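One structure below.
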């Protein structure tokens with residue numbers, strides 16, 4: 026029984042932080058003579074990894090012990106030394122890991138090192154549970170794309186704003202606090218220039234509104250804020266430039282001549298491939314965020330046009346919809362603008378996997394039915410962890 030309890034504790038420790046991006050969330054438990062002698066988790070990139078923290082707590086009691094870790098121990102030197110080497114030097118007897126690490130810098134290498142050093146290595150023993158903790162990291166390593174959550178707020182009649190663009194507030198404080206949690210778990214928040222022009226959002230994490238107890242590990246970390254702005258129309262006095270954190274403007278190459286003013290404001294500007302319709306290539310954008318910025322999880326906070334385009338391109342992994350008990354009427358803006366859906370067979374099918382009341386509002390989590398069983402379990406696991414935190 027101690028083995029099962031220890032592994033479940035390691036998995037729970039991995040989920041005890043909102044994000045460790047660009048690294049995966051990892052938990053570790055060390056057991057000797059039927060007693061937990063050390064445990065740890067990885068709080069943020071650059072900090073000691075879960076195994077190192079657990080070994081530090083265990084001290085000499087780690088020698089001859091069994092280590093339970095939620096993810097295969099790393100084998101490469103980044104900002105911290107390899108965990109596989111640390112386990113070898115500590116003299117542990119056995120390592121049991123829940124999930125394999127798909128990172129090509131890691132996959133299997135540390136396991137080989139440990140086995141060659143005489144450590145018994147077992148795993149992956151709970152691959153689906155382990156993968157569910159880090160869907161963005163797993164997807165980025167396997168496909169070169171981040172996990173995309175599309176967040177929308179709507180009225181009961183499926184409207185997101187009045188015809189004028191006015192939308193404050195469709196939902197109440199509890200739902201808005203949950204949006205802060207979504208931002209905090211994300212490596213990047215993605216929007217379009219029209220949202221900046223109409224709503225002038227900051228898109229930052231407002232720590233004072235975070236009610237999730239895991240937020241204390243963030244230490245002021247802000248997600249990268251990304252604006253699709255092909256012609257560089259973002260106003261210089263936009264609120265996204267006023268708060269802490271990096272801003273990335275993506276434009277057409279023809280607009281780069283006007284990028285100096287944004288660079289003076291501290292923003293990053295990059296040209297992107299364009300489609301035949303003169304729009305920024307969405308898949309290329311996500312690929313760039315994964316490859317160049319190590320983004321595991323991207324939160325899409327945009328209007329119905331960009332959100333609809335991402336949905337129809339098959340680039341949304343998860344929908345998080347906050348529904349307020351209001352009616353906005355026929356002239357108000359729809360949830361998505363979706364082209365070419367004229368027959369029932371053209372529909373985009375979704376599966377609702379979680380429903381929760383937040384104050385007077387309701388939060389729905391849905392996924393496209395194209396997703397695999399492993400993908401579905403990832404979202405379900407994350408929804409459950411939110412309810413338990």
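Numbering (the working numbering), first residue to last: 26 to 414.
Backbone N, C-alpha and C define an ideal beta-carbon position, used for all residues, glycine too.
Nothing here was measured: the structure is a model prediction, and the numbers come from that model.
Taking the C-beta atoms as reference points, residue 109 is found nearer than 8 Å to residue 139. Closest in alpha carbon position to residue 347, among 102, 382, 341 and 323, is 382. About 16 Å separates the beta carbon of residue 46 from that of residue 237, a gap too long to meet the 8 Å contact definition. Where residue 76 is concerned, the enclosing alpha helix (DSSP H) starts and stops at 75-83.
The segment 118-130 makes contact with the segment 143-163, as at least three CB pairs between them are under 8 Å.
Excluding sequence positions up to five before and after residue 264, its CB lies within less than 6 Å of the CB of 225 and 227, all in the same chain and listed in chain order.
Here residue 252 is actually not in contact with residue 222; their C-beta atoms are around 10 Å apart, not less than 8 Å. Between the segment 344-361 and the segment 63-72 there are fewer than three C-beta pairs closer than 8 Å, too few to call the two in contact. Residue pairing by DSSP places residue 322 opposite 172 in a beta bridge.
The C-alpha of residue 142 is placed about 19 Å away from the C-alpha of residue 86. Below 8 Å, too few C-beta pairs join the segment 207-216 and the segment 188-198 to call them touching: fewer than three. Here residue 309 really is in contact with residue 297; their C-beta atoms are around 6 Å apart, less than 8 Å. Comparing alpha-carbon positions, the option among 392, 57 and 373 lying closest to residue 27 turns out to be 57. Unbroken beta strand (DSSP E) runs of no fewer than 3 residues, entirely contained in the segment 226-270, are found at 249-253, following chain order. Residue 179 counts as buried, since at least 16 other C-beta atoms from the protein chains shown sit within 10 angstroms of its C-beta. Residue 392 and residue 88 have their C-alpha atoms roughly 45 Å apart. Per DSSP, the continuous beta strand (DSSP E) segment holding residue 95 begins and ends at 91-96. Burial check for residue 260: the Cβ neighbour count within 10 Å stays below 16, so the residue is exposed.
Annotation: residue 291 to residue 112 spans about 42 Å, alpha carbon to alpha carbon. In this structure, the straight-line span from the alpha carbon of residue 76 to that of residue 92 is close to 8 Å. Fewer than three pairs of CB atoms, one per stretch, sit closer than 8 Å, so the segment 198-214 makes no contact with the segment 354-363. DSSP places residue 382 in the uninterrupted beta strand (DSSP E) bounded by 375-383.
Residue burial annotation: residue 365 is exposed, with fewer than 16 other C-beta atoms found within 10 angstroms of its C-beta. Look at the segment 110-179 and you find these whole runs of alpha helix (DSSP H), each 4 residues long or longer: 134-141, 152-158 and 160-168. If you ignore the 5 residues before and after residue 48, its C-beta comes within less than 7 Å of the C-beta of 67 and 70, all in its own chain and listed in chain order.
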